[in-house]
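Structure first, commentary second.
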Amino acid sequence: MFKQATVHRMMKEEEHAYLFQYGITSGLWEFREELAKFLSARYGEKVHRQNLILTCGATHGLQMILTTILHPSGIIFIEEATYMIALDMFKQFSGMKIVTVPTDSEGVDVAAMEKIVRKEKSRGSWTMTEGKPFWAMFYTIPIFHNPTGVILPKSKQ
């Protein structure tokens with residue numbers, strides 16, 4: 404049965420062995436198309452498959468963001484307590500600076516964060532490019548924060 408199915412896929416559907424090649428780096432377009440439909444229906448805004456990239460998980464997605472759009476000597480703002488695997492991954496980018504932002508019982512202290520961001524931005528001079536358009540990012544988990552479990556209220560979003 405498996406042999407017949409494989410022969411069928413290779414000869415009829417996959418143009419002779421495409422089945423055994425690496426996939427498209429952004430993910431299978433059929434899956435991204437269905438995901439775009441789902442997200443569009445769920446959130447009420449049009450999502451295009453061309454704007455979706457599949458990753459092997461959250462850590463892989465973060466790594467892709469850091470290497471593709473964030474300035475190599477950029478800043479990663481994180482909350483005082485954060486997901487340890489993400490923090491460990493951030494530390495591997497030695498050119499980037501990790502800056503801690505205070506939190507309270509509801510999550511990030513927005514007023515303190517604004518001051519810290521202004522201070523850090525005034526200290527650096529980044530040459531933004533089309534390929535690296537951001538000098539900083541803020542890593543947060545607003546819903547069921549790991550490790551605190553806090554849900555950031557809408558008033559702070």
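If you number the sequence shown the way this note's numbering does, the last residue is 560 and the count never jumps.
Yeah, the Cβ is synthetic: ideal placement off N, Cα and C, and Gly gets one too.
The stretch 538-556 and the stretch 467-483 touch, with no fewer than 3 CB-CB distances between them shorter than 8 Å. The straight-line gap separating the alpha-carbon atoms of residue 476 and residue 538 is approximately 8 Å. Around the Cβ of residue 485, a 10 Å sphere holds 16 or more other Cβ atoms; the residue is buried. The straight-line gap separating the alpha-carbon atoms of residue 497 and residue 509 is approximately 31 Å. Excluding the 5 residues flanking it on each side, residue 536 has same chain C-beta neighbours closer than 8 Å at 472, in chain order. Residue 435 counts as buried, since no fewer than 16 other beta carbons sit within 10 angstroms of its beta carbon. Under the rule that a run must span 4 or more residues, the alpha helix (DSSP H) segments found entirely inside the stretch 458-504 read 461-471 and 487-494.
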